Amino acid sequence: MKLLTKIATGVVTATLLTGCGITTEVHQAVIKDLDQCRVDLAYCKKTRADDADFQRQVRTDLESQNATLKQENESTRKDLLAYRGKSEAELVSCVDARHKLETDLETIRQLHNACEAELNQKKANLQELADKTARFKDKLQSEIAARNVEIENLRGQLSVRVLDKILFRSGSAVILPEGQKVLAKLADLLATEDDIVRVEGHTDSVPIGAALKEKYPSNWELSGARAASVVRYFEQDHKVDPTRMEAVGFSMYRPVATGDSPEELQRNRRVEIVLLPPRKLDAK
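First residue of the sequence shown: 0, per numbering that gives the first Met the number 0; consecutive thereafter.
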């Protein structure tokens, strides 16, 4: 606006000067100023147009950058939401895994405690069995020395094996006086225990003779009768609780010696007194 005012002023001045008899030199100077004003005006217009183009380009670039930033922000927001969801899912999974591990650890701890208690109980049972075995061996040491009695621990059970040569005559289930002495010692020991007393009758593999077949048709009957005689002796003569006892006949089918020599046959003809924990009677 100032430039236009300057040009107009120059034109008016030139006109006035011409009409007033101004010299040619002055007139030409005014014309020259006027031309320079035109040049300046054209330059200003061009500069203004360039500024407008620049502003449009800047605005376009800013809008493009803004759109790009919006897209990047949206993509970043989605990525963050996805990461957050994944992290929360992993956290839940980790918490569940931790709870499971804690539960498993508690189960293992309980199993360990149970196993430890069971182991301690087995140790106590073994020690009790060892003490019991020692008492029986001390009580029957003379019979053991004479090889008429054998004592052993088998699968945590105390077994007293009495050979029939001191208990019965051949083919008989009547207890001999010598056998009663051995059984009396056993009865004294049994009175101090609360075990189940299982009396097992065993024979050798020789069949029952013809003279005895009417009374004992086979070794089954003979082995059972001998076991029953011992049980009856414990009950009637030494007041052992009959509810703690059981009599079993195994005939010749559980030998301790597999040969046919007189010595091996003698070992198989026996009565075994097996002590069982009270709970095992209910399981049979």
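By construction, the Cβ of each residue, glycine as well, lies at the ideal position given by its N, Cα and C atoms. Keep in mind it's a predicted model, so treat the numbers as computed, not measured.
Contacting residues, own chain, Cβ-Cβ under 6 angstroms from residue i (five flanking each side not counted)
| i | result |
| --- | --- |
| residue 151 | 158 |
| residue 118 | none |
| residue 160 | 149, 269, 271 |
| residue 280 | Summary for residue 280: the model assigns pLDDT 46, below 50, so the residue's position carries little reliability; its value from the coordinates is reported in the next sentence. Excluding positions up to five away in sequence, the list reads 195. |
| residue 263 | 256 |
Best match in the options for proximity to residue i [C-alpha to C-alpha]
| i | options | result |
| --- | --- | --- |
| residue 224 | 171, 66, 109 | 171 |
| residue 269 | 241, 176, 169 | 169 |
| residue 248 | 239, 130, 228 | 228 |
| residue 191 | 64, 126, 237 | 237 |
| residue 202 | 100, 129, 253, 102 | 253 |
| residue 193 | 72, 204, 277, 147 | 277 |
| residue 242 | 215, 198, 209 | 198 |
Cβ distance (whole Å) where residue i is taken to contact residue j below 8 angstroms
| i | j | result |
| --- | --- | --- |
| residue 138 | residue 184 | 5 angstroms |
| residue 181 | residue 142 | 6 angstroms |
| residue 275 | residue 156 | 6 angstroms |
| residue 196 | residue 272 | 6 angstroms |
| residue 239 | residue 186 | 6 angstroms |
| residue 258 | residue 226 | Actually they are not in contact, since the Cβ atoms of residue 258 and residue 226 sit about 24 angstroms apart, beyond 8 angstroms. |
| residue 100 | residue 135 | With 8 angstroms as the limit, residue 100 and residue 135 do not qualify as a contact, their Cβ atoms being about 51 angstroms apart. |
Cβ-based burial, residue i [other Cβ within 10 Å; buried from 16]
| i | result |
| --- | --- |
| residue 112 | exposed |
| residue 84 | exposed |
| residue 75 | exposed |
| residue 163 | buried |
| residue 220 | buried |
| residue 267 | buried |
| residue 233 | buried |
| residue 34 | exposed |
| residue 86 | exposed |
| residue 146 | exposed |
| residue 42 | exposed |
| residue 222 | buried |
Under the three-state DSSP convention, the category residue i falls into
| i | result |
| --- | --- |
| residue 152 | strand |
| residue 239 | coil |
| residue 173 | coil |
| residue 30 | helix |
| residue 104 | helix |
| residue 128 | helix |
| residue 166 | coil |
| residue 205 | coil |
Any C-beta of chain C under 7 angstroms from that of residue i
| i | result |
| --- | --- |
| residue 88 | Among the chains of the structure shown, chain C does not appear; only one protein chain is present. |
Close Cβ partners of residue i (< 7 angstroms) along its chain, the five nearest in sequence each way excluded
| i | result |
| --- | --- |
| residue 166 | 174, 175, 178, 270 |
| residue 92 | none |
Sequence-distant residues of the same chain with beta carbon closer than 8 angstroms to residue i, five excluded per side
| i | result |
| --- | --- |
| residue 132 | 150, 152, 157 |
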